[in-house]
Structure formats: structure tokens, C-alpha cells
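Enquirer: Numbering of the sequence shown is given in our numbering, commencing with residue 8 and proceeding in unit increments.
Quick reminder that beta carbons are idealized off the backbone N, C-alpha and C, glycines included.
This one's a predicted model, so the numbers in the text were calculated from it and none came from an experiment.
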Amino acid sequence: NDRILGPARLCSKHGLPFEAILDVFTAAVSFSAPGPNGKPFEKDYEFVRQFKTGGLYKILTEICRLDPKEDSNLIDLIESRIAPFY
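As C-alpha cells, then:
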């Protein structure tokens, strides 16, 4: 949250553009690289599992710690941008 979505939250709060930041977030949640054994890293596997079982909203609110009320507009925008990829 503090590395990517933190700046997006600040931009949103102050009416500044942050589409490029959301592009970075989209790339980050879409990235997957195999570990040395050719299988996903355990943390990557866990992230994907949580994404598949709980959806993007759960990732945004529980892992990224966006506030469902305070950040509702940002959550909606992120969901609309990422949904076409999944």
C-alpha cells in the first residue's frame, strides 16, 4: 500500500492524476515469475490463491489495507481497470 497505492491515495485525495500509478499497480498484481525450482514462490502462490478465493476487493481491503469507505472511489477505479485482465 505505501509504495504504490499510498501515492495513488494522496493523488486521489488532492485531485491529482494518478492513472500511471494504477498502471504500475496493475503490472505488479499481474506479475508472476518462477522461483529457482521452476514453481511460483510461496508468497506469490498465496497471493494468487487469495485473489482467486476472495477477489480483488479482498486483496485491496485486507492486504493493501484500503479503507472500504474512505477509499471507495479508488477501489472502484482499481477494480474497473484490473477486471478486464482477469
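(1) Between the segment 45-64 and the segment 82-91, do three or more beta carbon pairs fall short of 8 angstroms?
(2) Starting from GLY13, follow the alpha helix (DSSP H) in both directions and report where the run begins and ends.
(3) Over the uninterrupted alpha helix (DSSP H) stretch that includes ILE70, give me the two end residues.
(4) For SER19 and VAL31, what's the separation of their Cα atoms in angstroms?
(5) How big is the Cα-Cα spacing for ASN80 and ARG10?
Expert: Checking against the coordinates, here is how it stands:
(1) Segments in contact, yes.
(2) If you look at GLY13, you'll find it in the alpha helix (DSSP H) that goes 12-20.
(3) That residue, ILE70, is in no alpha helix (DSSP H); it is neither H nor E in DSSP.
(4) If you take the alpha carbons of SER19 and VAL31, they lie about 16 angstroms apart.
(5) Roughly 19 angstroms between the two C-alpha positions.
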